[in-house]
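*Asks:* Residue numbers (full-length UniProt numbering): 1 to 186. Idealized CB from N, CA, C, for every residue including glycine. Right, I'll just put the structure down here and ask away after.
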Amino acid sequence: MELQVCKMEPVPRELVMNCSWNSEYVTSLFPHNVGLPLPGEFSFSAISSLTMLQNLSLSTDQLTGNISESAFRFSQFVSTIRYLNVSNNFLVGELIVQDGMPYFDSLEVVDASNNQLVGKLPEFEFVVSLKVLHLGNNQLSGYHLPAFLQGNSMVLSELDLSRNQLECTLCTLFTLIQMKHCTDPS
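Written as structure tokens, this is what we have:
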């Protein structure tokens with residue numbers, strides 16, 4: 001459940017900090033909704049024990065650090081994740097390093113827009129359920145779109161690659177017409 005659009009006050013930190021809960025049953029984590037601001041360097045190892053985690057939103061938490069060094073080393077964490085939102089932070093590095101890809105069996109939504117991510121677009125070779133990919137306003141580069149964007153092998157319906165340093169040709173973009181929402185990468 002995400003309540004940030006309801007303009008409600010956050011749950012007082014004291015109520016959350018004194019709760020005892022079994023981490024193996026936590027399926028969603030939205031720290032900003034419970035008054036737990038997380039500014040600064042964030043370690044994904046802190047949530048690696050959440051083996052049932054499906055939804056993780058760390059958007060607009062003023063997070064810093066190299067996402068490729070810490071985010072997806074934990075196979076038990078990434079094998080269940082369906083919704084991942086790390087947008088509007090100050091994260092650097094490559095979004096997903098190639099050796100971490102086989103673990104993302106369930107990934108459907110990725111929003112890593114408005115960070116400082118670098119490198120080429122991830123291939124997402126092993127991700128077959130990806131529906132929404134927002135990577136706009138980063139520093140991604142490259143000339144060719146990954147293979148998953150050039151065929152019909154995925155169920156991708158939303159794509160935002162705007163405000164990056166991609167050098168895709170207009171012809172390449174015509175392969176994306178079938179998507180409901182596609183933002184020009186230039």
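Run through DSSP, which three-state label would S68 get?
*Replies:* helix
*Asks:* Any idea what DSSP makes of S141, helix, strand or coil?
*Replies:* If DSSP states are grouped into helix, strand and coil, S141 belongs with the strands.
*Asks:* Rank D61, Y83 and G65 by C-alpha distance to the C-alpha of Q54 and give the top, closest one.
*Replies:* For the options D61, Y83 and G65, the alpha carbon positioned closest to that of Q54 is the one of Y83.
*Asks:* In three-state DSSP terms, what is V86?
*Replies:* coil
*Asks:* If you count every other CB in all the chains shown that lies within 10 Å of the CB of E167, and 16 or more means buried, which is it?
*Replies:* exposed
*Asks:* Taking only three categories from DSSP, how would you classify G93?
*Replies:* Here G93 sits in strand by DSSP.
*Asks:* Would you tell me roughly how many angstroms separate the C-alpha atoms of I67 and N89, rounded to the nearest one?
*Replies:* Spanning the two alpha carbons is a distance of roughly 11 Å.
*Asks:* Would you decide whether P122 is buried or exposed? Buried here means 16 or more other CB atoms lie within 10 Å of its CB.
*Replies:* buried
*Asks:* When the Cα atoms are used, what is the spatial distance from L63 to S113?
*Replies:* The straight-line gap from Cα to Cα measures roughly 13 Å.
*Asks:* Assuming the contact rule is C-beta atoms closer than 8 Å, residue 203 and V132 should be a hit. Round their C-beta distance to whole Å, please.
*Replies:* It is not possible to answer for residue 203, since the shown part of the chain is limited to 1 through 186.
*Asks:* Looking at H134: is its Cβ nearer than 7 Å to the Cβ of D160?
*Replies:* In contact: H134 and D160 (Cβ atoms closer than 7 Å).
*Asks:* So for D111, helix, strand or coil by DSSP?
*Replies:* strand
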